Amino acid sequence: MAAPRNLGNDGGRLRDEENANEDDSPTTKKPAGVKFTVALGVFVFFSIGLFCIYSTMPAAEYGRIRLPRTISDLRMLKDQLATYANDYPAQFIMGYCSTYIFMQTFMIPGTIFMSLLAGALFGVVRGLFLVVFNATAGASSCYFLSKLIGRPLVNWLWPEKLRLFQAEISKRREKLLNYMLFLRITPTLPNLFINLASPIVDIPFHIFFLATLVGLIPASYITVRAGLALGDLKSVKDLYDFKTLSVLFLIGFISILPTLLKRKRTYE
Numbered sequence: 001m002a003a004p005r006n007l008g009n010d011g012g013r014l015r016d017e018e019n020a021n022e023d024d025s026p027t028t029k030k031p032a033g034v035k036f037t038v039a040l041g042v043f044v045f046f047s048i049g050l051f052c053i054y055s056t057m058p059a060a061e062y063g064r065i066r067l068p069r070t071i072s073d074l075r076m077l078k079d080q081l082a083t084y085a086n087d088y089p090a091q092f093i094m095g096y097c098s099t100y101i102f103m104q105t106f107m108i109p110g111t112i113f114m115s116l117l118a119g120a121l122f123g124v125v126r127g128l129f130l131v132v133f134n135a136t137a138g139a140s141s142c143y144f145l146s147k148l149i150g151r152p153l154v155n156w157l158w159p160e161k162l163r164l165f166q167a168e169i170s171k172r173r174e175k176l177l178n179y180m181l182f183l184r185i186t187p188t189l190p191n192l193f194i195n196l197a198s199p200i201v202d203i204p205f206h207i208f209f210l211a212t213l214v215g216l217i218p219a220s221y222i223t224v225r226a227g228l229a230l231g232d233l234k235s236v237k238d239l240y241d242f243k244t245l246s247v248l249f250l251i252g253f254i255s256i257l258p259t260l261l262k263r264k265r266t267y268e
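Taking the UniProt record's numbering, I'd label the letters of the sequence shown as residues 1 to 268.
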């Protein structure tokens, strides 16, 4: 009579193979269609939220709200909304914040006008707080959205820039926060690219968040303060003259100084 087969090891192998097959099966992976559906759901959720907020505003004022595209548009919008912001501060803040975060999340141009508007309506301190809060929240939402569906878009729009960014991040893993602060403070790379590319090159969210929260303060301060004197602005380009850019790069250089000093000691 044949000896009974040792099913212990064979059974374990079979279970491992079944688990491997399950892991490789299409049902356990998130196909592109599912990711796109989730991203579309996020967009619909944001849109419904905006609609609900705007629909609660007084009808007479609701029809006046338009996203500005030029400094002239911004001046007219500021005049139209000044009284409304004083009469309905809570509703205005909610509408302003939701619009700013929506634009930042879905890469809609024009947030710089929203930053100028914050300075014009709320002054430097409150305006700066609002802008940094909304910009950080919107950038964080964009980060997670890009983590879900952004890789094909970034590879298509900026293939070479993405490769260079990946190489720079790989060289600076030990002092990544300093490098990200430098990028946020200076106009070396567009903020839109940083938001989209960061999850693709495996920048941890806590570093992305801290660098965004702190690094956006200098440029936001310049923009918000400029909003106090909209009459003196002819275009957005006037915000960043040579003196302003020099100050931003100086602050950015200070942020990466520890990295440069450590590298110098290593070579010595």
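All C-beta atoms in this analysis are idealised placements derived from N, C-alpha and C, irrespective of residue type, glycine included. All values reported here derive from a predicted model rather than from experimental measurement.
Verify whether the separation of the beta carbon atoms of Gly227 and Gly138 is less than 8 Å. no
Cβ contact (3+ pairs, closer than 8 Å) linking the region 200 to 218 and the region 166 to 176: yes
Between the region 159 to 171 and the region 93 to 106, are three or more C-beta pairs nearer than 8 Å? no
Measure the beta-carbon distance from Leu117 to Lys171 and round it to whole angstroms, keeping in mind my assumption that it falls under 8 Å. 39 Å between Cβ atoms; not a contact.
Nearest to Ser47 by alpha carbon, out of Thr99, Pro187 and Ile71? Thr99
Of the residues Val201, Val247, Arg184 and Gly49, which one's Cα is nearest the Cα of Val154? Val201
Could you confirm whether any beta carbon from chain C is found closer than 8 Å to the beta carbon of Lys161? Here there is only one protein chain, and chain C is not present.
Between the Cα of Thr136 and the Cα atoms of Tyr84, Gly110, Leu216 and Gln91, which residue gives the shortest distance? Leu216
With a threshold of 16 other CB atoms inside 10 Å of the CB of Ser255, please say whether the residue is buried or exposed. buried
For Gly110, which three-state DSSP category applies? coil
Report the rounded CA-to-CA distance for Thr28 versus Phe144, giving the unit in angstroms. Model confidence at Thr28 stands at a pLDDT of 39, short of 50, so the residue's coordinates are unreliable; what they give is reported in the following sentence. So the two alpha carbons sit approximately 21 Å from each other.
So, at 8 Å on beta carbons, what are the nonlocal neighbours of Asp23 in its own chain, with the 5 sequence-adjacent residues on each side left out? The pLDDT assigned to Asp23 is 41, lower than 50, so where the model puts this residue is not dependable, and the model offers no usable value.
What separation, rounded to the nearest whole angstrom, lies between the Cα atoms of Leu257 and Phe36? 41 Å
Sequence-distant residues of the same chain with beta carbon closer than 8 Å to Ser220, five excluded per side: Ser115, Leu128, Val131, Val132 and Ala135
From Ile194 to Phe43, what distance separates their C-alpha atoms? 20 Å
For Arg69, does the count of other Cβ atoms within 10 angstroms reach 16, so buried, or fall short, so exposed? exposed
Among the candidates Lys234, Pro204, Ala229 and Thr223, whose CA atom is the shortest distance from the CA of Thr244? Thr223
Closest Cα partner of Gly231 within the set Tyr96, His206 and Met76: Met76
Can you grab the Cα-Cα spacing for the pair Val124 / Ala229, in whole Å? 11 Å
Expected contact under 8 Å - CB spacing of Leu121 and Ala82 to nearest Å: 6 Å
Report the rounded CA-to-CA distance for Leu74 versus Arg151, giving the unit in angstroms. 34 Å
Go through its chain and collect everything with a Cβ distance to Phe253's Cβ below 7 Å, but skip five positions before and after it. none
Closer than 6 Å by C-beta to Leu189: which residues in its own chain qualify, once you throw out the five before and the five after it? Chain order, please. Leu183
Going by DSSP in three states, Pro199 sits in which element: helix, strand or coil? coil
Let me know if Pro199 comes out buried or exposed under the rule of 16 or more other beta-carbons within 10 Å of its beta-carbon. buried
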